[in-house]
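Here's the structure, in structure tokens; my notes come after.
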Amino acid sequence: MTTASDTPVLDTLAAMTADSLERCSLEGNTLMLIRIAALAAMDAPAISYLAHIGPAVETGMTAEQLQDVLVAVAPIVGTARVMAAAGHITQALGIAIAVADADMGMTGTGS
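In numbering that gives the first Met the number 0, the protein residues as written are 0 to 110.
In structure tokens:
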């Protein structure tokens with residue numbers, strides 16, 4: 000039996016991701032590119048992209064590579080999904096920036 004948590008859904012998703020990474024031999028950058036493509040294909044919400052921003056940056060993914068993924072999947076998933084993905088990615092980046100700004104404000108010296 001597992002210990003109760005205040006964030007059981009996030010804990011489960013983190014465990015699933017860790018298990019997936021352990022069972023996958025792809026390089027980190029390739030894995031993130033594939034995951035972004037899958038999110039676009041699934042018409043995932045911004046929060047799903049937000050969960051991948053940190054790991055994608057850590058693997059060295061560039062904005063150009065992200066654009067290349069959307070260009071590559073466009074003929075398969077269609078214009079509407081690619082445009083939605085671009086919007087969701089933009090929204091996720093905005094959330095990430097707002098969170099980072101809030102974290103910096105909390106750890107700043109405060110005049």
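Where is the CB? At the ideal position from N, CA and C, for every residue including glycine.
Original post:
Exposed or buried, Ile-88, counting other C-beta atoms within 10 Å across all chains shown (16 or more means buried)?
Top reply: If you number the sequence shown from 1, residue 88 lands on position 89. Label assigned to Ile-88: buried.
Original post:
Quick one, which of Pro-44, Thr-11, Leu-30 and Thr-6 has its alpha-carbon nearest Leu-92's?
Top reply: Stepping through the sequence shown from its first residue, residue 92 is reached at position 93. The candidate whose alpha carbon is nearest that of Leu-92 is Pro-44.
Original post:
In angstroms, rounded to a whole number, what distance separates the CA positions of Leu-20 and Gln-64?
Top reply: As a first step, residue 20 must be located in the sequence shown, where it is residue number 21. As a first step, residue 64 must be located in the sequence shown, where it is residue number 65. Going from the Cα of Leu-20 to the Cα of Gln-64 covers about 21 angstroms.
**OP:** Run through the segment 16-99 for me and flag every whole beta strand (DSSP E) of 3 or more residues, listed as ranges in chain order.
**Re:** none
Original post:
Mind checking whether Leu-32 and Val-68 have CB atoms under 8 angstroms apart?
Top reply: By one-based count along the sequence shown, residue 32 stands at place 33. By one-based count along the sequence shown, residue 68 stands at place 69. Yes, Cβ-Cβ distance for Leu-32 and Val-68 is below 8 angstroms.
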